[in-house]
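What follows is a set of notes on a single structure, which appears directly below.
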Amino acid sequence: MPTTALGAFLAARRARLTPGDVGLVSSGTRRVVGLRREEVAVLAGVSVDYYTRLEQGRERNPSASVLAAVARALDLGPDARAHLVRLADVSPASMPMPARPQVEQNLQELLDAWPDTPAIIMNRRLDLLAYNTLADAFYADFAEADNLVRMTYLDPAAGTFFADWQRAAEACVANLRLALGHDPHDQRARDLVEEMGAASPEFRLRWERNNVQGKTHEVKAFRHRAVGELTLSYHAFDVRSAPGQQLVVYSAEPHSRSAEALRLLGTLAASRRSIPSSRN
17 MPTTALGAFL
27 AARRARLTPG
37 DVGLVSSGTR
47 RVVGLRREEV
57 AVLAGVSVDY
67 YTRLEQGRER
77 NPSASVLAAV
87 ARALDLGPDA
97 RAHLVRLADV
107 SPASMPMPAR
117 PQVEQNLQEL
127 LDAWPDTPAI
137 IMNRRLDLLA
147 YNTLADAFYA
157 DFAEADNLVR
167 MTYLDPAAGT
177 FFADWQRAAE
187 ACVANLRLAL
197 GHDPHDQRAR
207 DLVEEMGAAS
217 PEFRLRWERN
227 NVQGKTHEVK
237 AFRHRAVGEL
247 TLSYHAFDVR
257 SAPGQQLVVY
267 SAEPHSRSAE
277 ALRLLGTLAA
287 SRRSIPSSRN
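All residue numbers in the sequence shown are consecutive under the numbering used here, ending with 296.
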């Protein structure tokens, strides 16, 4: 029987799953409710003895990578993962989060429910995963709105679009370094760093500074080729159902020149909705 809160939690979560829930084929008579310890061990890539010791409270120092593997094996959601980390007394920041490249449909519907403000979903690597119509129009100056690091350093439009390009360039590099702090094994982030380092001396210079910064709230100035200058504030919110994803919403001061520019941009975007977009 489990002798720790961690062991009791693991045993309870194991009992809630069937082999079919995790893609296993069940054979023979099952004498336990839920998954067997052997099955969890296989799914997590650890030995049966190790997982048994973990569940029985005889393994008291599991690594972050082992906890991440067990969390995946038990199909734990964000809150359950965080609870597992707390029970094991492991720093949440050291536990790699699963890749979630897809945006849930209800989040896309939320973005679309805000027709008067640009809203996007991005991940820690600053990949733009989803956006509403106004955000699509907002980033229309760029050849491809795929990743803010690439857009800032490689697209010629960035020098005009960002009124303070130096500030934007510094911020996105600091964001990318923070992403690797959350998950040092994120190969896509590492590939992006290598790609940008090879393509941009400006990026290499800033990367070597080791600055770290996350998105929260800030006011930024932009120059859009269709509507001119805009001063917008943004707020960034963590998406709890998809760790690593953020909802970023831009807004203008009411009755300001920027608010009028956003309304004009929305009108221009609406007039083009009948034309198929080249963006994915």
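Ideal Cβ positions, reconstructed from N, Cα and C, are used throughout, including at glycine.
In this text the structure is predicted, and so the values were computed from the model without any measurement.
Next on the checklist: Nearest by alpha-carbon distance to residue 285: which of 100, 39 and 150 is it?
Outcome noted: Position 269 of the sequence shown, counted from the start, is the residue given in the question as residue 285. Of the candidates 100, 39 and 150, the one whose C-alpha sits nearest the C-alpha of residue 285 is 150.
Next on the checklist: For the region 138-149 against the region 183-200, do three or more pairs of beta-carbon atoms, one drawn from each stretch, fall closer than 8 Å, so that the two count as touching?
Outcome noted: In this structure the region 138-149 lies against the region 183-200, because at least three pairs of beta carbons, one per stretch, are closer than 8 Å.
Next on the checklist: Across the region 221-234 and the region 98-107, are there enough close Cβ pairs to call them in contact, namely three or more that are closer than 8 Å?
Outcome noted: No: fewer than three Cβ pairs fall under 8 Å.
Item to check | Anticipated Cβ contact below 8 Å, residue 67 with residue 53, distance rounded | outcome: As a working note, residue 67 is residue 51 in the sequence shown. As a working note, residue 53 is residue 37 in the sequence shown. With 8 Å as the limit, residue 67 and residue 53 qualify as a contact, their Cβ atoms being about 6 Å apart.
Checklist entry - Given 8 Å as the limit, is there contact between the region 267-287 and the region 239-249, that is, 3 or more CB pairs closer than that? => result The region 267-287 is in contact with the region 239-249.
Checklist entry - Does the distance from the CB of residue 179 to the CB of residue 192 come in under 8 Å? => result Working through the sequence shown from its first residue, we reach residue 179 at position 163. Working through the sequence shown from its first residue, we reach residue 192 at position 176. Not closer than 8 Å, so no.
Next on the checklist: Considering just the uninterrupted stretch of the alpha helix (DSSP H) at residue 176, what are its terminal residues?
Outcome noted: The sequence position of residue 176 within the sequence shown is 160, counting from 1. Its alpha helix (DSSP H) spans residues 174-177.
Item to check | residue 71 to residue 82 span [Cα, whole Å] | outcome: To locate residue 71, count along the sequence shown from 1; it is residue 55. To locate residue 82, count along the sequence shown from 1; it is residue 66. Approximately 13 Å, taken between the alpha carbons.
Checklist entry - For residue 162 versus residue 148, is the C-beta spacing smaller than 8 Å? => result Numbered from its first residue, the sequence shown carries residue 162 at position 146. Numbered from its first residue, the sequence shown carries residue 148 at position 132. Cβ distance not < 8 Å, so residue 162 and residue 148 don't count as in contact.
Checklist entry - Got a sec? Which residues, its chain only, sit under 7 Å from residue 40 by beta carbon, not counting five neighbours each side? => result Reading the sequence shown from its first residue, position 24 is the one you call residue 40. The beta carbon of residue 40 sits closer than 7 Å to the beta carbons of 55 from its chain, once the five residues preceding and following it are set aside; these are given in chain order.
Next on the checklist: Just to confirm my understanding: we take residue 155, look at its own chain, exclude 5 residues before and 5 after, and list those with CB closer than 7 Å. What are they?
Outcome noted: Position 139 of the sequence shown, counted from the start, is the residue given in the question as residue 155. 161.
Checklist entry - Is the beta carbon of residue 188 less than 8 Å from the beta carbon of residue 165? => result Position 172 of the sequence shown, counted from the first residue, corresponds to residue 188. Position 149 of the sequence shown, counted from the first residue, corresponds to residue 165. Yes, these two residues count as a Cβ contact at 8 Å.
Checklist entry - Counting along the chain, where does the beta strand (DSSP E) carrying residue 239 start and finish? => result Here residue 239 is taken as the residue at index 223 of the sequence shown, counted from 1. Taken as a continuous stretch (DSSP letters only), the beta strand (DSSP E) holding residue 239 covers 233-240.
Next on the checklist: Distance check for residue 135 and residue 277, CA to CA, integer angstroms please.
Outcome noted: Here residue 277 corresponds to residue number 261 of the sequence shown, with the count starting at 1. Here residue 135 corresponds to residue number 119 of the sequence shown, with the count starting at 1. Spanning the two alpha carbons is a distance of roughly 16 Å.
Item to check | Whole-Å CB distance - residue 90 paired with residue 30, under 8 Å assumed | outcome: Mapped onto the sequence shown, residue 90 falls at position 74. Mapped onto the sequence shown, residue 30 falls at position 14. Right, their Cβ atoms sit about 6 Å apart.
Checklist entry - Of the residues 104, 252 and 246, which one's Cα is nearest the Cα of residue 271? => result Counted from its first residue, the sequence shown places residue 271 at position 255. Of the candidates 104, 252 and 246, 246 places its Cα closest to the Cα of residue 271.
Next on the checklist: Quick check: the Cα distance between residue 69 and residue 268, rounded to an integer number of angstroms?
Outcome noted: Reading the sequence shown from its first residue, position 53 is the one you call residue 69. Reading the sequence shown from its first residue, position 252 is the one you call residue 268. So the alpha carbons of these two residues sit roughly 56 Å apart.
Checklist entry - What residue from 230, 27, 260 and 171 has the CA that sits closest to residue 212's CA? => result In the sequence shown, the residue the question calls residue 212 occupies position 196. Looking at the Cα atoms, 171 is the closest of the given residues.
Item to check | Best match in 60, 262, 168 and 121 for proximity to residue 318 [C-alpha to C-alpha] | outcome: With the chain represented from 17 up to 296, any question about residue 318 goes unanswered, as that position is not in the structure.
Checklist entry - Which ranges would you report for the alpha helix (DSSP H) in the region 111-192 if only whole runs of at least 4 residues count? => result For the alpha helix (DSSP H) assignment, the uninterrupted runs of no fewer than 4 residues enclosed by the region 111-192 are, from N- to C-terminal side, 121-128, 149-154, 164-170 and 174-177.
Next on the checklist: Am I right that residue 131 and residue 256 are in contact with their C-beta atoms under 8 Å? What's the rounded C-beta distance?
Outcome noted: Working through the sequence shown from its first residue, we reach residue 131 at position 115. Working through the sequence shown from its first residue, we reach residue 256 at position 240. Actually they do not touch by this definition, with Cβ atoms about 25 Å apart.
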